[in-house]
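Q: Chains as they are written, first to last, in UniProt numbering: chain A, 1 to 599; chain B, 1 to 307.
Structure below; questions to follow.
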């Protein structure tokens, strides 16, 4: 291409960061996101000179690269302090006192998004550590960049770390049920050393892949189809069907994408799985690739998960070293597969199954119009399987115990066990594993219920894109079919508990603000609809009226309906779900909402 | 003898449109079929020389079996499809999408939209009075926004960008249809001077780092202006005349001729008002240009009127 570049030149640091990020690889556009990360990590922001150097190296038009860089919230295109505090203000942290943190940060470092001084801080969407809310992530640019996750954190401690800089403190990843026995997906979490391949193998690791290699691709797909495994990312699509459709595509190559861009507020199960049992995910991806004919897998991990990133890098390197990745895997002639990790850079929408392709390819993370579906034309226009982390870690189980044993767990319509992310006003928050068919009440009991002396007010089920259920609906059986029949969804497994101290109005406003922030902006219903919804919700919650005196509940409903009907992707289509259910199911918003009685 | 390429014969596909059986050539979109059948579907981001962007969502129709409405501009007709363009759902969608656009954007120079707003009963003012213009839209950070009070409706109103002698960029009128970016990029010009930057409501058309156009990769072909559906992009000559009130399309004639600068043979349509060329376009169905020109054909006409 005959491209015109800028006249700006990079500093030595910027040049070194970019060159190291692309070293040994043929220049191509899909290295754009890694190159932007490299500069942002090392220098703390992306200057015109740095962007220009990236563009010359990868032959990307500067305007295009700017469009991509300005899409992601973790990147800065203006100079800012090297130390950045991301204070989570999302749902679970909001319920657990996030405002105290942001007040303390304001007192110490001035308003959010400051550009001067040694420290700046930002309000962050869900950091995915809701079981330890409130949370903050302190980032320090440099070579190497360092990050420290603080959760739960008190105001003074946060200000101290923000002042002194992050250090590496390893907090073990635990699940409350550990030791109860009967855990399947969580059995290794907190028990085995997540850095040790030997530990993994000693606890049954790689027996699934061994069986898969004996069965052959068609046999593996049959096992997965007969297990009735359904996707755990929220859409509940039958995994076997997705695999079969991809495997049958004559076009080559096929790609595998593991969606680990867990960003749904209140969701942290994928992080816990990766941090506690990273080899399971590597094995699962390898089995998937064998069944569907993929030679390359991309693991798209959200940018705010530094610990998961290090553990995965270690797991992939060790698996490669020992012949579990690479060529002729486990001695199986002709089966080659490898995994590349791609870090997200702060965009919820990139968890959408086609936006993730654009993001990996080095374009703006905007969803694509379907059809064509990913199994036909996905990553780089080739047939692609996209599976969520939790879906994938079921695969080695199915291949180890057989589809019949697997399908005996759960219900006829929803097989296996399911992970739920309990957070909010609950005594023992964390990731819980129960067989499909357990009730919401039983799950709540496992987590100890609401704190002493409080009353349950509502539960947000399925995430910000899910819906509320009432305290009198605790006998809801947690299955895909029961949730559907009850007009709600299990979504990504969020169970966010609100008691009588919770500020429901503020909670709903945060949901509306979240979708406005995270809309990619491509289509009108979502881009403008999320703004109008947030504005109308402020009026309704605050008891305000426009001089035109219109019915704001009607505005919410009509805009919500059109977002659901006419948005391109699932973000816009579901952005109104939770607020609608608050109105229809909880009877909220009929009169101005007062803050919770204790808050 | 002139050879005319009529392409390969295309099979006909039969489907149902608003209760009537309709036959269209294979690969036709629902919108193509509607146009052929005389059913008018409003659309803003669809371009006759561009790939569908699927962005404006004005042209949504109902297809039996589909959970959501579908964009008629890009969805291909399939045999046996049952399509409805006139249900309550499609009407509500069209009304609200137009309301949303009109509440956030200055549509005063968008052709036909006034009629559509009236037909659908759109009331953009029900979202509140427009918020004042802002001058920071080029530098907004994704993932954050000021907490609104709900008493005004956020808009994209902002100062007009005039940084060169040929174009004016009035992004307060931009509906983010992607057409200019596609025309500048790999669909036509391959200059890649502009992009969609930012995210969500703060998404905007921008050069790298929002640098002025003369510092960008722009080659002033004007093909972005040619495809802009709202007048957000306009030629400076037209903009100035509109500003001082002397732009009058009723007094203009259009004459199509051949550009004399080189041997390619591009068609030029000269828009003449009061015996002066005021704008140059190119017919979109011209097999030479498909509506595109270069800086010479588009702007190199001043010498004609050096009297």
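Note that CB positions come from ideal geometry on N, CA and C, so glycine has one too.
Using the Cβ count rule (16 or more neighbours within 10 Å means buried), how would you classify residue 303 (chain B)?
A: If you number the second chain from 1, residue 303 (chain B) lands on position 303. It counts as exposed.
Q: To which residues of the same chain is residue 532 (chain A) closer than 6 Å at the C-beta, ignoring the five residues directly before and after it?
A: Taking the first chain and counting its residues from 1, one reaches residue 532 (chain A) at position 532. The residues are 559.
Q: Among the candidates A:229, A:186, A:452 and A:101, whose CA atom is the shortest distance from the CA of residue 133 (chain A)?
A: In the first chain, residue 133 (chain A) corresponds to position 133, counting from 1. The shortest Cα separation from residue 133 (chain A) among A:229, A:186, A:452 and A:101 belongs to A:101.
Q: Going along chain A, which residues have a C-beta under 8 Å from residue 144 (chain B)?
A: Reading the second chain from its first residue, position 144 is the one you call residue 144 (chain B). 73, 112, 113, 122, 123 and 517, listed in chain order.
Q: Should residue 333 (chain A) be labelled buried (16 or more other beta-carbon atoms within 10 Å of its own) or exposed?
A: Taking the first residue of the first chain as 1, we reach residue 333 (chain A) at position 333. Label assigned to residue 333 (chain A): exposed.
Q: Counting only beta-carbon atoms, is residue 2 (chain A) nearer than 9 Å to chain B?
A: Here residue 2 (chain A) refers to the residue found at position 2 of the first chain. Taking Cβ atoms only, chain B reaches closer than 9 Å to residue 2 (chain A), which makes this a yes.
Q: Could you name the residues of the same chain whose beta carbon sits closer than 7 Å to that of residue 485 (chain A), not counting the 5 residues immediately before and after it, in chain order?
A: Position 485 of the first chain, counted from the start, is the residue given in the question as residue 485 (chain A). If we look at residue 485 (chain A) and ignore the five residues flanking it on each side, it has no Cβ neighbours.
Q: Quick check: the Cα distance between residue 87 (chain A) and residue 519 (chain A), rounded to an integer number of angstroms?
A: Numbered from its first residue, the first chain carries residue 87 (chain A) at position 87. Numbered from its first residue, the first chain carries residue 519 (chain A) at position 519. In a straight line, the C-alpha of residue 87 (chain A) is about 20 Å away from that of residue 519 (chain A).
Q: Determine the DSSP secondary structure at residue 178 (chain A), reduced to helix, strand or coil.
A: Taking the first chain and counting its residues from 1, the one referred to as residue 178 (chain A) is at position 178. Residue state, collapsed to three classes: coil.
Q: I'd like to know if residue 6 (chain A) contacts chain B, where contact means its C-beta is closer than 9 Å to some C-beta of that chain.
A: Against the first chain, residue 6 (chain A) aligns to sequence position 6. Taking Cβ atoms only, chain B reaches closer than 9 Å to residue 6 (chain A), which makes this a yes.
Q: For residue 551 (chain A), is the classification buried or exposed, using 16 other Cβ atoms within 10 angstroms of its Cβ as the cut-off for buried?
A: The sequence position of residue 551 (chain A) within the first chain is 551, counting from 1. Exposed, by the Cβ-count rule.
Q: Verify the CB distance criterion: does residue 113 (chain B) have a CB-CB separation below 9 Å to chain A?
A: Here the question's residue 113 (chain B) lines up with position 113 in the second chain. Taking Cβ atoms only, chain A never reaches closer than 9 Å to residue 113 (chain B), which makes this a no.
Q: Output needed for residue 223 (chain B): all residues of its chain with C-beta closer than 6 Å, excluding positions within five of it in sequence on either side, in chain order.
A: For the purposes of this step, residue 223 (chain B) is taken as residue 223 along the second chain, with counting starting at 1. So the list reads 183, 188, 189 and 292, once near-sequence residues are dropped.
Q: Would you call the segment 261-273 of chain A in contact with the segment 193-210 of chain A, where contact means no fewer than 3 C-beta pairs closer than 8 Å?
A: Output reads no: the segment 193-210 of chain A does not touch the segment 261-273 of chain A.
Q: Determine the closest residue to residue 27 (chain B) out of B:256, B:35 and B:11, with distance taken between C-alpha atoms.
A: Your numbering for residue 27 (chain B) matches position 27 in the second chain. Selected option, being the one with the closest Cα: B:11.
Q: So the beta strand (DSSP E) residue 206 (chain B) belongs to, where does it begin and stop?
A: Position 206 of the second chain holds residue 206 (chain B). Residues 204-206.
Q: Which ranges would you report for the beta strand (DSSP E) in the segment 405-486 of chain A if only whole runs of at least 3 residues count?
A: With a minimum length of 3 residues, the continuous beta strand (DSSP E) runs that stay inside the segment 405-486 of chain A are 417-424, 430-435, 456-461 and 467-469.
Q: Check for me: the beta strand (DSSP E) holding residue 297 (chain A) runs from which residue to which?
A: As a position in the first chain, residue 297 (chain A) is number 297, starting the count at 1. Taken as a continuous stretch (DSSP letters only), the beta strand (DSSP E) holding residue 297 (chain A) covers 294-301.
Q: Which residue wins for smallest C-alpha separation from residue 344 (chain A), given the options A:321, A:175, A:33 and A:218?
A: Locating residue 344 (chain A) in the first chain gives position 344, counting from the first residue. Nearest option by C-alpha distance: A:33.
Q: So, is residue 286 (chain A) buried or exposed, given that buried needs 16 or more other C-beta atoms within 10 angstroms?
A: Within the first chain, the letter at position 286 stands for residue 286 (chain A). Buried, by the Cβ-count rule.
Q: Quick one: give me the first and last residue of the beta strand (DSSP E) that residue 499 (chain A) is part of.
A: For the purposes of this step, residue 499 (chain A) is identified with residue 499 of the first chain, where counting begins at 1. Its beta strand (DSSP E) spans residues 494-499.
Q: Could you pull the start and end residues of the alpha helix (DSSP H) that residue 583 (chain A) belongs to?
A: Locating residue 583 (chain A) in the first chain gives position 583, where the first residue counts as 1. Counting along the chain, the alpha helix (DSSP H) containing residue 583 (chain A) begins and ends at 577-584.
Q: Anyone know if the C-beta pair for residue 496 (chain A) and residue 93 (chain A) falls short of 9 Å?
A: The residue you call residue 496 (chain A) lines up with position 496 of the first chain. The residue you call residue 93 (chain A) lines up with position 93 of the first chain. Not closer than 9 Å, so no.
Q: With DSSP collapsed to three states, give me the class of residue 568 (chain A).
A: Here residue 568 (chain A) refers to the residue found at position 568 when the first chain is read from its first residue. Residue state, collapsed to three classes: coil.
Q: Given a threshold of 16 other Cβ atoms within 10 Å of its Cβ, counted over all protein chains shown, does residue 171 (chain A) qualify as buried or as exposed?
A: As a position in the first chain, residue 171 (chain A) is number 171, starting the count at 1. Exposed is the call here.
Q: With DSSP collapsed to three states, give me the class of residue 217 (chain A).
A: If you number the first chain from 1, residue 217 (chain A) lands on position 217. If DSSP states are grouped into helix, strand and coil, residue 217 (chain A) belongs with the helices.
Q: What separation, rounded to the nearest whole angstrom, lies between the Cα atoms of residue 598 (chain A) and residue 355 (chain A)?
A: On the first chain, residue 598 (chain A) is found 598 positions in, with the first residue counted as 1. On the first chain, residue 355 (chain A) is found 355 positions in, with the first residue counted as 1. In this prediction, residue 598 (chain A) scores a pLDDT of 42, lower than 50, which makes its location untrustworthy; no coordinate-derived value is stated.
Q: Is it buried or exposed, residue 123 (chain A), if we count other Cβ atoms within 10 angstroms and call 16 or more buried?
A: Numbered from its first residue, the first chain carries residue 123 (chain A) at position 123. Under this definition residue 123 (chain A) is a buried residue.
Q: Could you tell me whether the segment 43-61 of chain B touches the segment 76-94 of chain B, where touching means 3 or more Cβ pairs closer than 8 Å?
A: In short, these stretches touch, since the Cβ pair count reaches three.
Q: Can you tell which of B:73, B:142 and B:7 has the C-alpha that lies nearest to the C-alpha of residue 35 (chain B)?
A: Along the second chain, one-based indexing puts residue 35 (chain B) at 35. If we check each option's Cα against that of residue 35 (chain B), B:73 comes out closest.
Q: Considering just the uninterrupted stretch of the alpha helix (DSSP H) at residue 600 (chain A), what are its terminal residues?
A: The requested residue 600 (chain A) does not occur in the structure, where chain A is confined to residues 1 to 599.
Q: Quick one: grab the DSSP three-state call for residue 12 (chain A).
A: Numbered from its first residue, the first chain carries residue 12 (chain A) at position 12. The answer is helix: DSSP assigns residue 12 (chain A) an H, G or I state.
Q: Short check: CB of residue 278 (chain B) to CB of residue 269 (chain B), under 9 Å?
A: In the second chain, residue 278 (chain B) corresponds to position 278, counting from 1. In the second chain, residue 269 (chain B) corresponds to position 269, counting from 1. No, the Cβ-Cβ distance between residue 278 (chain B) and residue 269 (chain B) is not below 9 Å.
Q: Are the segment 290-301 of chain A and the segment 256-267 of chain A in contact at 8 Å, needing three or more beta carbon pairs?
A: Yes, the segment 290-301 of chain A touches the segment 256-267 of chain A.
Q: Considering residue 307 (chain A), what are the terminal residues of the alpha helix (DSSP H) in which it resides?
A: The residue you call residue 307 (chain A) lines up with position 307 of the first chain. Note, residue 307 (chain A): alpha helix (DSSP H), 306-321.
Q: Between the Cα of residue 41 (chain A) and the Cα atoms of A:349, A:64 and A:79, which residue gives the shortest distance?
A: Walking along the first chain from the start, residue 41 (chain A) turns up at place 41. Checking every option, the nearest Cα to that of residue 41 (chain A) belongs to A:79.
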